[in-house]
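Peer 1:
Protein chains: 2
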Amino acid sequence: MTPLDRSSDRAIYRQIADDLRADITAGVHGPGDRLPSESELVARYGVNRRTVQHAFALLIAEGLVYSEHGSGRFVQGRPPVRRLASDRFARRHRRAGKAAFTVEMEQAGRAYDPASDVEMLDLRTGSAPEAIAARLGLSGADKVLVRARRYVVEGLPLQIATSYVPLDLAEGTAIMSADTGPGGIYARLEESGHRLTRITEDLAVEVAAEPVQRLLRLPVGAPVIHLIRTAFAGERAVEVCDTHLNATAFELSYELPAR
Amino acid sequence: MTPLDRSSDRAIYRQIADDLRADITAGVHGPGDRLPSESELVARYGVNRRTVQHAFALLIAEGLVYSEHGSGRFVQGRPPVRRLASDRFARRHRRAGKAAFTVEMEQAGRAYDPASDVEMLDLRTGSAPEAIAARLGLSGADKVLVRARRYVVEGLPLQIATSYVPLDLAEGTAIMSADTGPGGIYARLEESGHRLTRITEDLAVEVAAEPVQRLLRLPVGAPVIHLIRTAFAGERAVEVCDTHLNATAFELSYELPAR
DNA sequence: GAGTGGTCTAGACCACTCA
DNA sequence: GAGTGGTCTAGACCACTCC
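Order-wise, the sequence lines are chains W and R. Sequential numbering from 1 applies to the first sequence in UniProt numbering. Sequential numbering from 1 applies to the second sequence in UniProt numbering.
#1: By the 7 angstroms beta-carbon criterion, what residues does the stretch 100 to 120 of chain R contribute toward chain W?
#2: In whole angstroms, what separates the C-alpha of Ile228/R from that of Arg147/R?
#3: With respect to the alpha helix (DSSP H) encompassing His93/W, which residues constitute its N-terminal and C-terminal limits?
#4: In chain order, which alpha helix (DSSP H) runs of at least 4 residues are fully inside the stretch 152 to 183 of chain W?
#5: In the DSSP assignment, find the unbroken beta strand (DSSP E) run with Thr200/W in it and report its ends.
#6: To the nearest angstrom, how far is the alpha carbon of Leu167/W from that of Ala141/W?
#7: Whose Cβ in chain R lies nearer than 9 angstroms to the Cβ of Tyr164/W?
#8: From the DSSP output, read off the bridge partner residues of Glu38/R.
#9: Any beta carbon of chain W sitting closer than 8 angstroms to that of Leu256/R?
#10: Measuring only between beta-carbons, confirm whether Arg236/R sits less than 8 angstroms from chain W.
#11: If Thr162/R sits next to Lys143/R, beta carbons under 8 angstroms apart, how far is it from one beta carbon to the other, in whole angstroms?
#12: Which residues does DSSP list as the beta-bridge partners of Tyr13/W?
#13: Val81/W and Ala247/W: beta carbons closer than 8 angstroms?
#14: Leaving out five residues before and five after Met105/R in sequence, what residues of the same chain have Cβ atoms less than 8 angstroms from its Cβ?
#15: Note down the Cα distance separating Arg49/W from Ser37/W, rounded to an integer number of angstroms.
#16: In this structure, how does DSSP classify Asp242/R when only helix, strand and coil are distinguished?
#17: Near Leu64/W, which residues of its chain fall below 8 angstroms by C-beta distance, leaving aside the five closest residues on each side in sequence?
#18: Is Gln159/W near His244/W, with beta carbons less than 8 angstroms apart?
#19: Do you know how far the Cα of Gly221/W is from the Cα of His29/R?
#20: If contact means a Cβ-Cβ distance below 8 angstroms, which residues of the stretch 190 to 207 of chain W contact chain R?
#21: Ordered along the chain, which non-local residues of its own chain (more than five positions away) have a Cβ less than 7 angstroms from that of Ala204/W?
#22: Which residues does DSSP list as the beta-bridge partners of Glu255/R?
#23: Grab the span of the beta strand (DSSP E) containing Asp122/W for me, first residue to last.
#24: If you reduce the DSSP assignment to three classes, tell me which class Thr230/W lands in.
#25: Is Ala61/W close to chain R? Criterion is C-beta to C-beta, closer than 8 angstroms.
#26: Counting only beta-carbon atoms, is Ser86/R nearer than 8 angstroms to chain W?
#27: Could you work out which residues of chain W lie near Phe56/R, taking near to mean beta carbons separated by less than 9 angstroms?
Following this line, the structure appears as structure tokens:
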């Protein structure tokens with residue numbers, strides 16, 4: 001512990017935050033460890049409780065600490081990184097009966113079972129939001145199948161994914177069912193003769209807003225990756241998937257043309 | 001304005017934040033607008049000043065508001081989105097004498113001049129950090145050229161990019177100079193016979209830490225995109241670029257193989 | 001029940017901005 | 001100099017957790 005410098009330009013609460021941050025990054029307090037309580041720090045530094053709270057507020061905003069009412073404050077461990085590789089939509093995976101996310105989790109050595117770890121949030125026919133309809137080359141009035149799911153891996157909600165499939169492509173296939181079968185939506189589309197030729201992903205980082213923040217169990221201000229994937233069969237967009245990912249839980253890899 | 005519900009489970013400061021947030025999203029207060037002062041809100045809601053501050057702290061953490069000491073609190077306008085397209089490293093751009101970032105900014109219609117908007121932060125020969133050296137297939141002892149630059153577009157710092165080039169590839173070329181010439185590093189590498197075959201990008205989202213937070217002029221807790229690009233000529237990695245982007249200022253597009 | 005964090009009030013002094 | 005936000009203290013009541 002560094003003694004406070006009351007004559008410093010740096011605010012007391014920042015000095016306390018600096019002290020705690022240093023201890024965290026130095027490993028004095030590891031991920032999941034309980035940090036000193038407010039009253040302990042009040043005694044240690046000889047400051048008001050609100051000043052200690054202010055220091056913690058800073059560390060929480062930085063994503064280093066989280067708070068549990070009645071229990072204490074703890075070092076935020078980064079969720080283990082899930083790598084999304086650029087070949088995750090390779091046909092061989094679909095042929096092997098595996099959906100892209102399943103492939104990723106297996107490669108990462110995660111305990112993941114699509115049957116129990118994917119919750120259906122919404123499954124209906126309806127219209128698509130304008131931005132999605134535009135990507136599908138549809139008007140807002142055209143009907144699509146809407147499938148919203150939440151993926152929870154090892155107790156951690158990782159992503160909310162909403163797929164939109166033009167109704168004429170989904171009807172009469174397992175895409176309409178809760179369980180789309182081996183290889184997922186893309187496998188079913190290819191079985192129906194819509195061979196995928198191209199997949200694009202547009203991604204942006206946002207600060208989580210309700211209800212995504214709640215569904216991913218994120219703290220206020222936490223970033224999410226908003227990823228919109230469009231799958232093409234020839235010139236036709238056959239599916240759009242609108243996904244929100246727990247940003248700090250993923251690493252994404254892509255390959256770019258150099259030619 | 002919604003009157004406060006003192007008997008509600010929802011904290012007073014949250015109710016005030018909800019009220020302000022609703023006004024912001026409804027456009028009552030547009031980007032850059034000054035929000036009501038603390039004393040005004042104290043009078044309006046009949047609460048303590050600290051409670052108003054608590055409400056603002058929430059909106060600031062959410063990235064909706066920023067504060068200027070002595071002046072007021074203002075609606076945070078999202079920086080205009082810069083789209084990074086998947087073909088930005090196409091050879092035709094280099095042939096046309098344009099670096100990838102230049103291409104992007106032109107396509108976005110931004111006023112951007114590489115001669116004045118790129119600041120050199122570091123230019124030296126030395127060793128690369130371990131993670132970078134590994135990507136280059138080098139040992140930590142091997143010498144590389146290090147080029148760190150900050151890109152400021154229309155007054156907004158957008159990215160900090162540090163390139164690492166094995167010294168044997170950089171020596172004797174303009175890559176060693178502050179100005180790498182038309183088409184940038186990649187154009188010079190190709191002129192030396194190192195025809196680029198493949199470019200990979202690995203990206204992760206992080207909460208900005210010093211000094212990146214300062215260099216990008218970001219508020220506490222703001223997300224950055226940490227992007228590591230590796231350029232290959234045949235099997236050899238000829239450059240690694242380690243970049244931090246202002247996360248909310250960019251939208252990235254990629255194309256994925258479906259086959 | 002003891003300890004923890006969550007919220008709210010009252011009041012104070014300060015630093016900064018803008019006219 | 002008036003108004004703004006930044007910081008700090010003192011004290012209070014409450015809700016939650018864990019034993």
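Glycine included, C-beta positions come from ideal geometry on N, C-alpha and C.
Peer 2: So, from the listed chains and residues:
#1: none
#2: Numbered from its first residue, the second sequence carries residue 228/R at position 228. Numbered from its first residue, the second sequence carries residue 147/R at position 147. Near 14 angstroms, if we compare the C-alpha coordinates of Arg147/R and Ile228/R.
#3: As a first step, residue 93/W is located in the first sequence; it is residue number 93 there, counting from the start. Residues Arg91 to Arg95.
#4: For the alpha helix (DSSP H) assignment, the uninterrupted runs of no fewer than 4 residues enclosed by the stretch 152 to 183 of chain W are, from N- to C-terminal side, 167 to 170.
#5: Walking along the first sequence from the start, residue 200/W turns up at place 200. Run containing Thr200/W: Arg198 to Val207, per the beta strand (DSSP E) assignment.
#6: On the first sequence, residue 167/W is found 167 positions in, with the first residue counted as 1. On the first sequence, residue 141/W is found 141 positions in, with the first residue counted as 1. In a straight line, the C-alpha of Leu167/W is about 12 angstroms away from that of Ala141/W.
#7: Within the first sequence, the letter at position 164 stands for residue 164/W. Those within 9 angstroms of Tyr164/W in chain R number zero; the least Cβ separation is about 18 angstroms.
#8: Taking the second sequence and counting its residues from 1, the one referred to as residue 38/R is at position 38. Answer is none; Glu38/R lacks a bridge partner.
#9: By 1-based counting over the second sequence, the position of residue 256/R is 256. Judged by the 8 angstroms Cβ criterion, Leu256/R is in contact with chain W.
#10: The residue given as residue 236/R occupies position 236 in the second sequence. For Arg236/R, the answer is no, since every Cβ of chain W falls outside 8 angstroms of its Cβ.
#11: Here residue 162/R corresponds to residue number 162 of the second sequence, with the count starting at 1. Here residue 143/R corresponds to residue number 143 of the second sequence, with the count starting at 1. Rounded, the Cβ-Cβ distance is 16 angstroms, inconsistent with contact.
#12: Counting from 1 along the first sequence, the entry for residue 13/W is found at position 13. Tyr13/W is not bridged to any residue.
#13: Here the question's residue 81/W lines up with position 81 in the first sequence. Here the question's residue 247/W lines up with position 247 in the first sequence. In this structure, Val81/W keeps its C-beta atom at 8 angstroms or more from the C-beta atom of Ala247/W.
#14: The count along the second sequence starts at 1 and reaches residue 105/R at position 105. Apart from sequence neighbours up to five positions away, the residues of its chain that approach Met105/R with a beta-carbon distance below 8 angstroms are Arg82, Tyr112 and Val153, ordered along the chain.
#15: Here the question's residue 49/W lines up with position 49 in the first sequence. Here the question's residue 37/W lines up with position 37 in the first sequence. Approximately 10 angstroms, taken between the alpha carbons.
#16: As a working mapping, residue 242/R is identified with position 242 in the second sequence. Of the three classes helix, strand and coil, the one that applies to Asp242/R here is strand, per DSSP.
#17: Within the first sequence, residue 64/W is the residue found at index 64, counting from 1. The answer, listed in chain order, is Arg21, Ile24, Val75 and Gln76.
#18: Within the first sequence, numbered from 1, the residue matching residue 159/W stands at position 159. Within the first sequence, numbered from 1, the residue matching residue 244/W stands at position 244. Cβ distance < 8 angstroms, so Gln159/W and His244/W count as in contact.
#19: As a first step, residue 29/R must be located in the second sequence, where it is residue number 29. As a first step, residue 221/W must be located in the first sequence, where it is residue number 221. Their Cα atoms are separated by approximately 21 angstroms.
#20: Leu196, Thr197, Arg198, Ile199, Thr200, Glu201, Asp202, Leu203, Ala204, Val205, Glu206 and Val207
#21: Indexing the first sequence from 1 puts residue 204/W at position 204. If we look at Ala204/W and ignore the five residues flanking it on each side, its Cβ neighbours are His226.
#22: Along the second sequence, one-based indexing puts residue 255/R at 255. In the DSSP assignment, Glu255/R is bridged to Thr200/W.
#23: Looking up residue 122/W in the first sequence gives position 122. From DSSP, the beta strand (DSSP E) with Asp122/W extends over Val118 to Ser127.
#24: By 1-based counting over the first sequence, the position of residue 230/W is 230. Strand, per DSSP.
#25: On the first sequence, position 61 is the one that residue 61/W refers to. Chain R contact via Cβ: present.
#26: On the second sequence, position 86 is the one that residue 86/R refers to. It does: the Cβ of Ser86/R has a partner Cβ on chain W nearer than 8 angstroms.
#27: As a position in the second sequence, residue 56/R is number 56, starting the count at 1. In chain order: nothing, as chain W lies at least about 12 angstroms away.
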